[in-house]
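Number of protein chains: 2
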Amino acid sequence: MTKKEKGMRSHCPVNYGLEMFGDRWALLILRDIIFRGKRTYGEFLKSEEGFSTNILASRLENLINAGILQRSKDKDDGRKDIYSVTEKGLDLIPVIFEIVLWSAKYDAESQAKRIPRLVELIDKDNRSLSKSVREKVKRGEAIVKDYLD
Amino acid sequence: MTKKEKGMRSHCPVNYGLEMFGDRWALLILRDIIFRGKRTYGEFLKSEEGFSTNILASRLENLINAGILQRSKDKDDGRKDIYSVTEKGLDLIPVIFEIVLWSAKYDAESQAKRIPRLVELIDKDNRSLSKSVREKVKRGEAIVKDYLD
DNA sequence: TAGATTACTTGCATATTGCAAGTTAATATG
DNA sequence: CATATTAACTTGCAATATGCAAGTAATCTA
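Protein chains in written order, with my numbering: chain A, 1 to 149; chain B, 1 to 149.
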């Protein structure tokens, strides 16, 4: 039984999600990987929201313990670790997309305005878009750049 | 400019969502209203995850400031306040449903197992289900009971 | 082999959380 | 009408989490 499971408040499905990624940082790491193709600690650190080094380290650990991320060594540079998304993590793409859609609707200054075609596709068919995005992420491709107008 | 907007880390749509409801409590309040038809402070307090009174009060305030909930007086009992979901809050139903779907898949002990028909409907067509659930929530109906087998 | 670079860890001040108890206003009871 | 309950908080305080700056170990680079 993992640390998370021991402290689980309930097995309500909403709560389970909150226990796994319900904080102000975890989904930003997934965003960085999925939308922007980032894969190393140093790349995450550069995110505009400004991770503290200790917070980033703890969140990476949490996500690995949750089975959402996995860590491996960079073959070409032994100093680097590569973080990638597991199948369980890839299944969060539809969740993230729904959040994007909601924010695009309600944040007047949303950066989502830079990717109107992507927002439109999410709105039309989140599931099938998620499926194709999943394959791109598996290949290590960033997806935002494909939709910048 | 609200407190939240002043402290906004970025206008990335993923981040905007996290700023609004990215903690371990906010979505539980929405769950209580949407799935269980709760509407008062005292009802939220009884949730199995165990809100502290101060945390519940602060989260209700945050959600009102975020435009997701609204507060009104109970006509029949002047001691009670009624919390209800705004249109902006109702638009979070698809987000919550995707979380439910993900948790149903990965939490072996998920309570989602008690509502397999609902999970199936989310999987088939989140959007159209969300639309009909939205109307039920507006009428103050709880939805979980409809799907308990 | 001296200097970067990467991925952390550590220390410490501040902020947030969680638990218990107290407060205020409205309603129910005798 | 006086008293007890109830509802929705607020307050105090200890414990935990966060944020910033600095430090460290392993690996590359010149």
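The beta-carbon is built from N, C-alpha and C at its ideal position, and this holds for glycine as well.
Just so you know, these numbers come straight off a predicted model, no measurement behind them.
Taking C-beta to C-beta, are residue i and residue j nearer than 8 Å?
{"i": "alanine 108 (chain B)", "j": "asparagine 62 (chain B)", "result": "no"}
{"i": "leucine 69 (chain A)", "j": "serine 58 (chain A)", "result": "no"}
{"i": "serine 110 (chain B)", "j": "proline 13 (chain A)", "result": "yes"}
{"i": "aspartate 81 (chain A)", "j": "lysine 73 (chain A)", "result": "yes"}
{"i": "arginine 114 (chain B)", "j": "leucine 60 (chain B)", "result": "no"}
{"i": "aspartate 23 (chain B)", "j": "aspartate 23 (chain A)", "result": "yes"}
Closest by CA to residue i, which one among the options?
{"i": "leucine 101 (chain B)", "options": "B:Ser84, B:Gly89 and B:Ile122", "result": "B:Ile122"}
{"i": "serine 130 (chain A)", "options": "A:Glu87, A:Ala57 and A:Asp149", "result": "A:Glu87"}
{"i": "phenylalanine 21 (chain A)", "options": "B:Met20, B:Arg59 and B:Ile99", "result": "B:Ile99"}
{"i": "leucine 18 (chain B)", "options": "A:Ile96, A:Arg79, A:Leu60 and A:Gly67", "result": "A:Ile96"}
{"i": "isoleucine 93 (chain A)", "options": "A:Ile34, A:Arg9 and A:Asp23", "result": "A:Ile34"}
{"i": "glycine 140 (chain B)", "options": "B:Lys75, B:Ser72, B:Arg36 and B:Tyr16", "result": "B:Arg36"}
{"i": "tyrosine 106 (chain A)", "options": "B:Gly42, B:Arg117 and B:Asp91", "result": "B:Asp91"}
Cutting at 7 Å between CB atoms, please list the residues of its own chain near residue i, excluding the five before and the five after it.
{"i": "threonine 2 (chain A)", "result": "With a pLDDT of only 34 at threonine 2 (chain A), under 50, the local geometry of the prediction cannot be trusted, and the value read off the model is given with reservation. Contacts found: Asn65."}
{"i": "leucine 28 (chain B)", "result": "Ser47 and Glu49"}
{"i": "glycine 7 (chain B)", "result": "none"}
{"i": "aspartate 44 (chain A)", "result": "It should be noted that the sequence gives phenylalanine, not aspartate, for residue 44 (chain A). Same-chain partners within the cutoff: Ile29, Asp32, Lys38, Phe51 and Leu56."}
{"i": "glycine 89 (chain B)", "result": "Leu30, Ile68 and Leu69"}
{"i": "asparagine 15 (chain B)", "result": "Arg9"}
With a CB to CB cut of under 6 Å and the five nearest residues on each side skipped, what residues in its chain are close to residue i?
{"i": "lysine 136 (chain B)", "result": "Ile143"}
{"i": "valine 119 (chain A)", "result": "Ala104 and Ala112"}
{"i": "asparagine 126 (chain B)", "result": "Pro94 and Phe97"}
{"i": "lysine 138 (chain B)", "result": "none"}
Looking only at its own chain, which residues have a Cβ that is under 8 Å from the Cβ of residue i, when we skip the five neighbours before and after it?
{"i": "threonine 53 (chain A)", "result": "Leu45"}
{"i": "lysine 4 (chain A)", "result": "Summary for lysine 4 (chain A): the model assigns pLDDT 38, below 50, so the residue's position carries little reliability; its value from the coordinates is reported in the next sentence. Answer for lysine 4 (chain A): Glu19, Met20, Asn62, Asn65 and Ala66, listed in chain order."}
Taking 7 Å as the cut-off, is the beta-carbon of residue i closer than that to any non-hydrogen atom of the ligand NAP?
{"i": "glutamate 98 (chain A)", "result": "The ligand NAP is absent from the structure shown, which contains no ligand whatsoever."}
Contacting positions in the segment 15 to 49 of chain B - beta carbon closer than 7 Å to chain A: Flagged, chain order: Asn15, Tyr16, Gly17, Leu18, Gly22, Asp23, Arg24, Leu27, Leu28, Arg31, Glu48 and Glu49.
Contact residues within the segment 66 to 90 of chain A, judged by C-beta distance below 7 Å to chain B: Within the segment 66 to 90 of chain A, the residues whose Cβ lies closer than 7 Å to some Cβ of chain B are Lys88, listed in chain order.
Contact residues within the segment 97 to 121 of chain A, judged by C-beta distance below 7 Å to chain B: Those would be Glu98, Ile99, Val100, Trp102, Ser103, Ala104, Lys105, Tyr106, Asp107, Glu109, Ser110, Gln111 and Ala112, in chain order.
Contact residues within the segment 131 to 147 of chain B, judged by C-beta distance below 9 Å to chain A: With the criterion set as a beta carbon lying under 9 Å from some beta carbon of chain A, the segment 131 to 147 of chain B has no members that meet it.
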